[in-house]
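Everything below concerns the one structure shown next.
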Amino acid sequence: MAKLAHAQWSSRMTFVLAAAGSAVGLGNIWRFSYMVGENGGAAFVLVYLACVALVGLPILVAEWLIGRRGQKNPIDTMADQARQNGKPKAWLGIGISGVLAAFLILSFYSVIGGWSLNYTLSSIIGTFSGGDSDSIGELFNGMLASPGTLLLWHTAFMALVVVIVARGVTRGLESAVRSMMPALVILMLILAGYGMTTGHFGEAVAFMFRPEWGALSGSVVLAAMGQAFFTLSLGMGIMMAYGSYLGKDVNLISTARTVIILDTVIALLAGLAIFPIVFANGLSPGEGPGLIFVTLPLAFGNMAGGTILGLIFFLLLTFAALTSAISLLEPTVEMLEERTPLNRVTATLIGGVAVWLLGVAALLSFNVWSEVSLLGLNIFYFLDTVTAKLLLPLTGLGSIVFAAWCLDKESVRQELGFDIYDFSAWNILVKYVAPLGVITVFVTELM
Ligand code: PFF
Ligand code: NA
616 MAKLAHAQWS
626 SRMTFVLAAA
636 GSAVGLGNIW
646 RFSYMVGENG
656 GAAFVLVYLA
666 CVALVGLPIL
676 VAEWLIGRRG
686 QKNPIDTMAD
696 QARQNGKPKA
706 WLGIGISGVL
716 AAFLILSFYS
726 VIGGWSLNYT
736 LSSIIGTFSG
746 GDSDSIGELF
756 NGMLASPGTL
766 LLWHTAFMAL
776 VVVIVARGVT
786 RGLESAVRSM
796 MPALVILMLI
806 LAGYGMTTGH
816 FGEAVAFMFR
826 PEWGALSGSV
836 VLAAMGQAFF
846 TLSLGMGIMM
856 AYGSYLGKDV
866 NLISTARTVI
876 ILDTVIALLA
886 GLAIFPIVFA
896 NGLSPGEGPG
906 LIFVTLPLAF
916 GNMAGGTILG
926 LIFFLLLTFA
936 ALTSAISLLE
946 PTVEMLEERT
956 PLNRVTATLI
966 GGVAVWLLGV
976 AALLSFNVWS
986 EVSLLGLNIF
996 YFLDTVTAKL
1006 LLPLTGLGSI
1016 VFAAWCLDKE
1026 SVRQELGFDI
1036 YDFSAWNILV
1046 KYVAPLGVIT
1056 VFVTELM
């Protein structure tokens, strides 16, 4: 992106679409629902909502603010801004850990993107129609047990990402994103409507929104915070990179609010679609990463027009996954392009192959390498955990501490349009609530 000589986004709308394209993805539907299920429901959801509002919003603004100030890629931006403010050069570590996190996430993200691609094709040939929870479960487990099948779809998904990034057409996706977002919202509404016909909608609502606070633990809170970072694409320098293309007249706070509301609405609707099916079929909410792949096909297989709706759904999900995956590969490619003699196409290929290889390790952890464990987790869970629960919050914490405490007042005032050092709710949120929130969650979890 830095190679585009820092042209600016054509309009606020274009920027919102790009940011939403990165934010809305597998995290909203696949990861959100399986995390809610694994972490016991409502207590997780409410902590997640608090994290989105109190930590996610200010950090999103901070990343855009630093990016728009710096006008470069995240690593150079952090180095420049640190120097200009008389701070240690080590702040560029934020840029580096962001690139690393994006690289690690894409490896397993592509595996799940592959599942979505596979299910898109399965919908076309009507595989799910009339299925019951046994047959749908067998289909899913059959896929997991077959390294060849997983490899095929992971490779196909990654190939799509590489082709799009190599051709540098990412911005051409704007118009596609523009129609995808409303379509996704409508489809999730239809699915939640189907959930109401199962007779278990009330149970699902209670599961998601009526907390048993006794179930709350440090690890649930950490999982909720990790999900907030993951779903908003925070802590990876990606939003910082996007911010560098943002016109000066765009209001950061209201734009961040728009993107966050869209992302959150889609996630909550996904929960309202998925959990009624879970309860109606006696499935376990704690199913793990397979949750949407063993529930939604049941709905599609048994509702009027389900074959076509299923096809549209998995197509949209795959597309949302692709736009997020593109934003995940971009930092690695950009870094290779700027720091080595490689041209864009070669940089994309090398970056893509490296991600793909790590993805192969992740997919093998569902079958032949299921016993291989790092810190007691299989490779897939290890990658997911280290990024969402460690790298992203730490990098995000760095960005907000830098924006709130290290940048000169005048820069911040120019970016936000008001003086952050005045006493205000926003000031307190950015300087104290958000950073202390992240630190508290870490400390609690360590103890
Ligand atoms: N936010 C995306 C999702 O919810 O699916 C995933 C993601 C994309 C995370 C880009 C991080 C990122 F930089
Ligand atoms: Na998201």
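So the number in the numbering used here is just where the residue sits in the sequence shown, counting from 1, plus 615.
The C-beta atom is built at its ideal place from N, Cα and C for all residues, glycine as well.
- Message: I need the DSSP call for Leu759, collapsed to helix, strand or coil.
- Response: Stepping through the sequence shown from its first residue, residue 759 is reached at position 144. Per DSSP, reduced to three states, the secondary structure at Leu759 is helical.
- Query: How is the alpha helix (DSSP H) around Thr1000 delimited, first residue to last?
  - Reply: Within the sequence shown, numbered from 1, the residue matching residue 1000 stands at position 385. Where Thr1000 is concerned, the enclosing alpha helix (DSSP H) stretches over Ile994 to Thr1000.
- Message: Please state whether the Cβ-Cβ distance between Val726 and Gly974 is less than 8 Å.
- Response: Taking the sequence shown and counting its residues from 1, the one referred to as residue 726 is at position 111. Taking the sequence shown and counting its residues from 1, the one referred to as residue 974 is at position 359. Yes, these two residues count as a Cβ contact at 8 Å.
- Item | Residues near Thr735 by beta carbon distance below 6 Å, same chain, minus five either side | Taking the first residue of the sequence shown as 1, we reach residue 735 at position 120. So the qualifying residues of the chain are Phe929, Leu930 and Thr933.
- Exposed unless 16 or more other CB atoms sit within 10 angstroms - verdict on Leu619: Locating residue 619 in the sequence shown gives position 4, where the first residue counts as 1. Confidence in Leu619 is poor, its pLDDT being 46 and thus under 50, which makes the residue's placement unreliable; the coordinate value appears in the next sentence. So Leu619 ends up on the exposed side.
- Task: List in chain order the residues whose CB is within less than 6 Å of at least one heavy atom of the ligand NA.
- Result: Ala638, Val639, Gly640, Gly642, Asn643, Thr846 and Asp878
- Message: Under 7 Å: does the beta carbon of Leu926 sit that close to some heavy atom of the ligand PFF?
- Response: Taking the sequence shown and counting its residues from 1, the one referred to as residue 926 is at position 311. No, the beta carbon of Leu926 sits no closer than 7 Å to any heavy atom of the ligand PFF.
- Query: Does DSSP put Leu664 in a helix, a strand or coil?
  - Reply: The count along the sequence shown starts at 1 and reaches residue 664 at position 49. Helix, per DSSP.
- Task: Confirm the yes/no value for this check: CB of Ser731, any heavy atom of the ligand PFF, distance under 7 Å.
- Result: In the sequence shown, the residue the question calls residue 731 occupies position 116. Within the chosen limit of 7 Å, the ligand PFF does not reach the beta carbon of Ser731 with any heavy atom.
- Message: Across the stretch 961 to 975 and the stretch 766 to 777, are there enough close Cβ pairs to call them in contact, namely three or more that are closer than 8 Å?
- Response: yes
- List the DSSP bridge partners of Leu989. Here residue 989 refers to the residue found at position 374 of the sequence shown. Leu989 pairs with Leu992.
- Query: Can you tell which of Gln699, Gly966, Asp1023 and Leu898 has its C-alpha closest to the C-alpha of Gly652?
  - Reply: What you label residue 652 is simply residue 37 of the sequence shown in a count that begins at 1. Closest option to Gly652, Cα to Cα, is Leu898.
- Query: Where does Ile868 fall in DSSP's three states?
  - Reply: On the sequence shown, position 253 is the one that residue 868 refers to. Residue state, collapsed to three classes: helix.
- Item | Cβ neighbour criterion (16 or more within 10 Å) applied to Asp749 | By 1-based counting over the sequence shown, the position of residue 749 is 134. Burial state of Asp749 is exposed, judged by a 10 Å Cβ sphere holding fewer than 16 other Cβ atoms.
- If you draw a straight line from the alpha carbon of Trp984 to that of Gly905, how long is it in whole angstroms? By 1-based counting over the sequence shown, the position of residue 984 is 369. By 1-based counting over the sequence shown, the position of residue 905 is 290. Approximately 18 Å, taken between the alpha carbons.
- Exposure of Gln699, with buried meaning 16 or more beta-carbon neighbours within 10 Å: In the sequence shown, counting from the first residue as 1, residue 699 sits at position 84. Under this definition Gln699 is an exposed residue.
- Query: According to the neighbour-count rule (16 or more other Cβ atoms, all chains shown, within 10 Å of its Cβ), is Ala987 buried or exposed?
  - Reply: The residue labelled residue 987 in the question sits at position 372 within the sequence shown. For the sequence presented, residue 987 should be read as Val rather than Ala. Exposed.
- Given Leu1044, which residues of its chain have a CB within under 6 Å of its CB, disregarding the five upstream and five downstream residues? On the sequence shown, residue 1044 is found 429 positions in, with the first residue counted as 1. Pro673.
- Message: Can you confirm whether the stretch 677 to 693 touches the stretch 842 to 855 when touching is taken to mean that 3 or more C-beta pairs between the two stretches lie within less than 8 Å?
- Response: yes
- Among the residues of its own chain, which have a CB less than 8 Å from the CB of Val714, if the five just before and after it don't count? Reading the sequence shown from its first residue, position 99 is the one you call residue 714. Short of 8 Å from the beta carbon of Val714, and not among the five residues preceding or following it, lie these beta carbons of its own chain, in chain order: Pro689, Ile690, Met851, Gly852, Pro946, Thr947 and Met950.
- Classify Phe1033 as buried or exposed, calling it buried when 16 or more other Cβ atoms lie within 10 Å of its own Cβ. Taking the sequence shown and counting its residues from 1, one reaches residue 1033 at position 418. Exposed, by the Cβ-count rule.
- Message: Whether or not the stretch 1020 to 1032 and the stretch 639 to 655 are in contact is what I'm after, with contact meaning three or more pairs of Cβ atoms, one per stretch, closer than 8 Å; do they touch?
- Response: no
- Rounded distance between the beta-carbons of Val792 and Thr608, thought under 8 Å: Any property of residue 608 remains undetermined from this structure, which presents the chain solely from 616 to 1062.
- Message: Let me confirm a value: Arg954 is counted as buried when at least 16 other C-beta atoms fall within 10 Å, else exposed. Which label applies?
- Response: Locating residue 954 in the sequence shown gives position 339, counting from the first residue. With fewer than 16 Cβ atoms within 10 Å of its Cβ, Arg954 is classed as exposed.
- Is Ile720 near the ligand PFF, with its Cβ less than 7 Å from a heavy atom? Taking the sequence shown and counting its residues from 1, one reaches residue 720 at position 105. It does: the Cβ of Ile720 is within 7 Å (strictly closer) of some heavy atom of the ligand PFF.
- Message: Can you find the residues in the same chain that come closer than 7 Å, C-beta to C-beta, to Leu732, ignoring five residues on each side of it along the sequence?
- Response: Position 117 of the sequence shown, counting from 1, holds the residue named residue 732. Answer for Leu732: Trp768, Ala771, Phe772 and Thr933, listed in chain order.
- Query: Since Leu973 is in the alpha helix (DSSP H), which residue starts that stretch and which ends it?
  - Reply: Mapped onto the sequence shown, residue 973 falls at position 358. Leu973 -> alpha helix (DSSP H) spans Arg959 to Leu979.
- Message: Could you check if Gly671 belongs to the surroundings of the ligand SAM, using beta carbon to heavy atom distance under 7 Å?
- Response: Among the ligands modelled here, namely the ligand PFF and the ligand NA, the ligand SAM does not occur.
- So is the beta-carbon of Met796 under 7 Å away from any non-hydrogen atom of the ligand PFF? The residue labelled residue 796 in the question sits at position 181 within the sequence shown. No - the ligand PFF has no heavy atom lying nearer than 7 Å to the Cβ of Met796.
- Check whether the Cβ atoms of Leu861 and Gly1011 lie closer than 8 Å to each other. Along the sequence shown, one-based indexing puts residue 861 at 246. Along the sequence shown, one-based indexing puts residue 1011 at 396. No; because the gap between Cβ atoms is not below 8 Å, this pair is not in contact.
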